[in-house]
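Counting the sequence shown from 1 gives a position; our numbering is that position plus 1019. Built from N, CA and C at the ideal position, the CB exists for glycine as well. Keep in mind the model is a prediction, meaning the values are calculated, not measured. In what follows, a single structure is set out as structure tokens and then discussed.
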Amino acid sequence: AVRLLLPAWDQITSENWRTASTLGMSSPQLFRFIEWPALSAFLPGVIVIVFLLCFTSFTVVLTLGGGPAATTIEVAIYQALRFEFDPAQAAVLALAQLLLCAGTALLLIRWMRVLTQTSGRKSDSRARPDTGDRAGKLFDFGVIGLCGLFVFTPVAALVVSGLQGPVAAVLLDTDLWQAAARSLGIALMATSLAGIIALGIASTARFLILERRQKSAKEGLLLAGSLTLAFPPMVIGTGFFLISLHLEAVDTITLLMIAVVNALMVLPYILRSIAPVLIDSGQQYQKLCAQLGLSGWHRFCQVDWPMIRKPAAFSLALGGALSFGDMGVAALFDTTGHITLPVMLYQRMSAYRFDEAAVTALALVLMCVALFWILDRGLSR
């Protein structure tokens, strides 16, 4: 959400800040007259995305439990398939979830456009007249500190519990490394597939806007690539699970189905990162590439890839880490309790083996961080 809102501040020019400085505006006045008008165009789309992500939450609800009063539709789908084995009820619940998410997305579709990404380090923001305001800095540090406390306190507890647990016994367990290897394979397959699809959609969108001058078609294509946010992974996984049951191939295509669903899950994030940069690259170098005769793979390697390398590396690394740590669809397809590392973690927690679960969770966090770092650093060079 923060990265999606950063372009709003980047649209504020240094002239606006200088004018505000000349008028002697305070921080509240800056927000009211300069920042809020810029934010208001971006905020609804970000709210829609956050709402859909929260509405389709599965892992946290399943892990924390809470009984029937705290059960969501996605958890009910999981229970219908894994515990009651009632495919008909699961299909009805999945359809209800799909209609709710798709209906919400359609009602708010005009705000779900692909926005330009940014690092948030543009020099224009340095012209703010209130950068030396101590009260504002204290407020900012306070908010950031509270958010950091909320995020890192559970992580610190996890690290302490993990280091106090049976580290050697858990790390020497071959099941853990086999599950980690399967999680890594799923993450790499999902990220590669999502990256290829996102690149294809972004390239087609660039062709539509630069060659065909069809702006509406370009916007529609990019929007279609982001609409997977309206199709919850558990719903798609339920469909694949029912198909695999019909084909009697649950065990043979499990990893492939999990990878495909995870690819669809991370596709919007990758697309929103590379599409604006790729289109900007085309607008800047279209004529030059035509004069030099650069096209296809040669153009991508020499012109496009240097432009999209950093945002692509970050988004692919984020997608890989999300896929590695995702449990939703893997838990649906699991038949052994050890199919992936997150599922193994959940099974150990369900069996009240909390000391082993703490070590497993710590290993999962470290592996996700390592995978993110390797992909980000490796692809951005």
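Unbroken alpha helix (DSSP H) runs of length 4 or more, entirely within the segment 1231-1265: which are they? Runs of the alpha helix (DSSP H) inside the segment 1231-1265: 1234-1245.
By a C-beta neighbour count over all protein chains shown, 10 Å radius and 16 as the cutoff for buried, is GLU1375 buried or exposed? With 16 or more other Cβ atoms inside 10 Å of its own Cβ, GLU1375 counts as buried.
Which value, in whole angstroms, describes the spacing of the CA atoms of PHE1343 and TRP1392? Here the alpha carbon of PHE1343 sits roughly 13 Å from the alpha carbon of TRP1392.
Given VAL1280, which residues of its chain have a CB within under 6 Å of its CB, disregarding the five upstream and five downstream residues? Around VAL1280: PRO1252, ILE1255, GLY1256, VAL1348.
Going along the chain, which residues of its own chain have a beta-carbon closer than 7 Å to the beta-carbon of LEU1335, five neighbours each way excluded? These residues qualify, in order along the chain: THR1210, GLY1214, ILE1289, LEU1394, LEU1398.
Does the separation of the CB atoms of VAL1269 and LEU1341 fall below 7 Å? No.
With the cut-off set at 7 Å, would you say PHE1352 and THR1273 are in Cβ contact? Yes; because the gap between Cβ atoms is below 7 Å, this pair is in contact.
Looking at the unbroken alpha helix (DSSP H) that takes in THR1273, where does it start and where does it end? Note, THR1273: alpha helix (DSSP H), 1273-1311.
Cβ neighbours of LEU1100 in the same chain (closer than 8 Å, five flanking residues each side left out): Answer for LEU1100: PRO1106, ALA1109, THR1257, PHE1260, LEU1351, listed in chain order.
Three or more C-beta pairs below 8 Å linking the segment 1214-1227 and the segment 1292-1299: Using a C-beta cut-off of 8 Å, the segment 1214-1227 makes contact with the segment 1292-1299, since at least three inter-stretch Cβ pairs fall below that distance.
Suppose you measure from the CA of LEU1072 to the CA of THR1090; what does that come to, to the nearest Å? Cα to Cα, LEU1072 sits roughly 16 Å from THR1090.
Can you give me the C-alpha to C-alpha distance between ALA1389 and LEU1024, rounded to a whole angstrom? Distance between the alpha carbons of ALA1389 and LEU1024: 27 Å.
Hey, how far is the Cα of LEU1157 from the Cα of PRO1148? So the two alpha carbons sit approximately 16 Å from each other.
Can you list, in chain order, the residues of its chain whose CB lies under 7 Å from that of LEU1383, leaving out five sequence neighbours each side? So the qualifying residues of the chain are GLY1344, LEU1360, PRO1361, LEU1364.
Can you grab the Cα-Cα spacing for the pair LEU1168 / ALA1200, in whole Å? Across the structure, LEU1168 and ALA1200 are spaced so that their CA atoms are roughly 32 Å apart.
In this structure, how does DSSP classify ALA1380 when only helix, strand and coil are distinguished? Helix at ALA1380.
Would you grab the beta carbon distance between VAL1378 and PRO1063 for me? Rounded to a whole angstrom, and I think it's under 8 Å. The Cβ separation is near 43 Å, so there is no contact.
Please go through the same chain and pick out, in chain order, the residues whose beta-carbon is closer than 8 Å to the beta-carbon of CYS1308, but skip the five residues on each side of it. Annotation for CYS1308: SER1314, ARG1318, VAL1322 place their beta carbon closer than 8 Å to its own, counting only its chain and skipping 5 residues before and after.
What is the rounded straight-line gap between the Cα of GLN1310 and the Cα of GLY1301? Answer to the nearest angstrom: the Cα atoms are 14 Å apart.
Starting from the C-beta of LEU1117, find all residues in its chain whose C-beta is less than 6 Å away, skip the five residues before and the five after it, and write them out in chain order. Sequence-distant partners of LEU1117 (beyond 5 residues in either direction) whose C-beta falls short of 6 Å from its own C-beta, in its chain, are VAL1254.
Can you tell which of THR1078, ARG1367, CYS1387, ARG1396 has the C-alpha that lies nearest to the C-alpha of ASP1194? With distances taken between Cα atoms, ASP1194 lies closest to ARG1367.
ALA1331 and ILE1277 look like a contact to me (Cβ under 8 Å); what is the Cβ gap, rounded to whole Å? About 23 Å separates the Cβ atoms of ALA1331 and ILE1277, ruling out a contact at the 8 Å cut-off.
DSSP on GLY1339, reduced to helix/strand/coil? Annotated three-state conformation of GLY1339 is helix, per DSSP.
Can you give me the start and stop residues for the alpha helix (DSSP H) that PHE1352 sits inside? Unbroken alpha helix (DSSP H) run through PHE1352: 1347-1352.
Anyone know if the C-beta pair for ALA1249 and ALA1154 falls short of 7 Å? At a Cβ-Cβ threshold of 7 Å, ALA1249 and ALA1154 do not count as neighbours.
With DSSP collapsed to three states, give me the class of VAL1388. Of the three classes helix, strand and coil, the one that applies to VAL1388 here is helix, per DSSP.
Taking 7 Å as the cut-off, decide whether the C-beta atoms of LEU1112 and ALA1124 are in contact. No, the Cβ-Cβ distance between LEU1112 and ALA1124 is not below 7 Å.
GLN1305 to VAL1162, Cα distance in whole Å? Per the coordinates, the alpha-carbon of GLN1305 lies some 44 Å from the alpha-carbon of VAL1162.
Thinking just about the alpha-carbon of each residue, which of GLN1303, SER1235, GLY1181 is nearest to the one in ARG1372? When the alpha-carbon of ARG1372 is set against those of GLN1303, SER1235, GLY1181, the nearest one is in GLY1181.
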